[in-house]
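Asks:
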Amino acid sequence: MPIDPTQPYDDNNIFAKILRGEIPSTKVYEDEWAFAFEDINPQAEVHTLVIPKGRYVSWDDFSEKAGAEEIAGFIRAVGKVARDKGLVEPGYRMMANIGAHGGQEVPHLHVHIFGGQFLGPMIAR
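All residue numbers for the sequence shown refer to UniProt numbering, where the first residue is 1 and numbers rise by one.
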């Protein structure tokens, strides 16, 4: 189901439930700003999701409403997860899908970190 990133945050989305501990996940990293866990349907050898702990539907929502400390904390968490996974030297891909055209499937901002293999062209042609 396409996500409309202009709609209000839905506290019943799957990532909100993961943050509340209602749905299990394989935690990779956690701090006051972010939570990272392994994707249950990995699309690469390494496929980790990093989500902010705040209630943000999309990158646009986050960049408009989050404070500077929260934005910095989230971005640092994404970088730490990539470093901890050993992805910096060989390279990796970060992706955040926003809205229907971007392929967003969960109405909670999340960054995919892909790596551990050659990932090919950025967009399938």
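Glycine residues also receive a C-beta, built at the ideal position from the N, C-alpha and C atoms. A quick note: this is a predicted structure, and the numbers were derived from the prediction, not measured.
Alpha carbon to alpha carbon, how far is G91 from V106?
Replies: Distance between the alpha carbons of G91 and V106: 26 Å.
Asks: Looking only at its chain, what residues have a beta carbon closer than 8 Å to the beta carbon of Q7, apart from the 5 residues adjacent to it on each side?
Replies: Closer than 8 Å at the Cβ level, and outside the excluded window around Q7, lie V57 and P107.
Asks: Is the number of C-beta pairs between the segment 76-92 and the segment 28-44 that are closer than 8 Å three or more?
Replies: Segments in contact, yes.
Asks: From the DSSP output, in three-state form, read off E30 for me.
Replies: Reduced to three states, the DSSP call for E30 is strand.
Asks: Could you spell out where the beta strand (DSSP E) holding F114 opens and where it closes?
Replies: First-last of the beta strand (DSSP E) with F114: V111 to G115.
Asks: Give the single residue among I75, A72, H112 and M122 whose Cα lies nearest to the Cα of N41.
Replies: Answer by Cα proximity: H112.
Asks: Which residue wins for smallest C-alpha separation from E45, given the options P2, M1 and K85?
Replies: The option with the nearest alpha carbon to E45 is K85.
Asks: Rounded to a whole number of angstroms, what is the C-alpha to C-alpha distance between P52 and V88?
Replies: Each residue's alpha carbon lies about 21 Å from the other.
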